[in-house]
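Take the position in the sequence shown, starting the count at 1, then add 224; the result is the number in our numbering. Every residue gets a Cβ at the ideal spot worked out from N, C-alpha and C, and that includes glycine.
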Amino acid sequence: MEFIERIYERARKAKKRILLPEGEDVRVLKAVDFMLKQGICVPVLMGSAKRISSIAKKERLTLKGAEIIDGKECKNLEKYIALYCEIRKHKKVREEEARRLITENPVFYSALSVRSGDSDGFVAGASTTTRDVAKAAIYCIGPLEGTKTVSSSSIIILPDKGLGSNGIFIYADAGIIPDPTAEQLCDIAIAAARMARLLLDDEPRVAMLSYSTKGSGGSGKSIEKVQEATRLV
Numbered sequence: 225m226e227f228i229e230r231i232y233e234r235a236r237k238a239k240k241r242i243l244l245p246e247g248e249d250v251r252v253l254k255a256v257d258f259m260l261k262q263g264i265c266v267p268v269l270m271g272s273a274k275r276i277s278s279i280a281k282k283e284r285l286t287l288k289g290a291e292i293i294d295g296k297e298c299k300n301l302e303k304y305i306a307l308y309c310e311i312r313k314h315k316k317v318r319e320e321e322a323r324r325l326i327t328e329n330p331v332f333y334s335a336l337s338v339r340s341g342d343s344d345g346f347v348a349g350a351s352t353t354t355r356d357v358a359k360a361a362i363y364c365i366g367p368l369e370g371t372k373t374v375s376s377s378s379i380i381i382l383p384d385k386g387l388g389s390n391g392i393f394i395y396a397d398a399g400i401i402p403d404p405t406a407e408q409l410c411d412i413a414i415a416a417a418r419m420a421r422l423l424l425d426d427e428p429r430v431a432m433l434s435y436s437t438k439g440s441g442g443s444g445k446s447i448e449k450v451q452e453a454t455r456l457v
């Protein structure tokens with residue numbers, strides 16, 4: 225079984241409830257059509273039911289089995305406002321501020337739904353910036369216990385099965401920290417290794433990359449950071 229199909233199979237068995245805050249984006253609706261046909265999860269679209277249905281009809285997409293909610297009218301809105309005020313009480317967030325943020329930014333509504341246990345996860349980024357998605361996740365859900373550095377990772381699948389783990393690499397971090405310290409690089413490497421174990425069922429071998437191959441690029445702050453991070457790992 226190929227890697228992606230193994231991931232799909234794990235998702236089918238788990239049958240998680242996943243929020244998609246960009247519910248009126250045609251790319252998201254096409255993805256939901258695919259997910260429903262594959263039985264990958266229980267998708268929940270955020271947006272106007274009328275607009276979503278209109279787009280789906282125009283694109284000939286099947287959304288039967290998907291839930292559609294409007295964050296401005298949802299029964300959980302007041303609960304999420306209170307929850308956000310509690311989470312951010314150290315910042316003295318007022319109720320009206322929380323209401324405006326949650327109703328105007330579906331990613332925050334989605335993240336609070338996950339925090340409260342009403343949903344298992346949310347997927348965003350089709351039309352929302354990485355910064356805003358990460359901000360909602362960090363503010364509302366928070367990092368895994370014991371995690372000092374929040375980072376991202378990407379899966380690269382190559383046709384040559386002799387490379388990486390059967391042709392698969394986990395790369396980090398290309399989305400969150402533009403100029404990490406040596407300590408942050410160390411945390412990123414450890415998080416990437418943890419992700420590899422989780423997804424690949426394989427013991428990872430970690431390589432720290434820079435523009436200098438085994439020191440051939442001379443010296444410099446960026447090289448020294450990678451060298452120090454390697455020692456820390």
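List the DSSP bridge partners of residue i.
i, result
"ARG241", "VAL266"
"TYR395", "SER378"
"GLY345", "ILE242"
With H, G and I counted as helix, E and B as strand and the rest as coil, what does DSSP make of residue i?
i, result
"SER389", "strand"
"GLU291", "strand"
"PRO330", "helix"
"GLU448", "helix"
"SER337", "helix"
"SER278", "helix"
Among the options, which residue has its Cα nearest to the Cα of residue i?
i, options, result
"ALA415", "ILE447, PRO367, PRO330 and GLY388", "PRO367"
"MET419", "ASP411, LYS315 and ILE394", "ILE394"
"GLY263", "LYS288, ALA431, SER434 and ASP397", "LYS288"
"CYS410", "THR354, PHE227, ILE379 and ALA453", "ALA453"
"GLU434", "GLU226, TYR232 and LYS445", "The amino acid occupying residue 434 in the given sequence is Ser; Glu does not appear at that position. Nearest of GLU226, TYR232 and LYS445 to SER434, Cα basis: LYS445."
"VAL331", "HIS314, MET270, LYS315 and ARG318", "MET270"
"LYS359", "ASN329, GLY386, SER343 and SER378", "ASN329"
My assumption, with CB atoms under 8 Å, is that residue i sits in contact with residue j. Please give the rounded CB distance.
i, j, result
"TYR308", "ALA322", "4 Å"
"LEU301", "LEU253", "Not confirmed; about 24 Å, so no contact."
"VAL268", "ILE293", "6 Å"
"ALA406", "LEU456", "6 Å"
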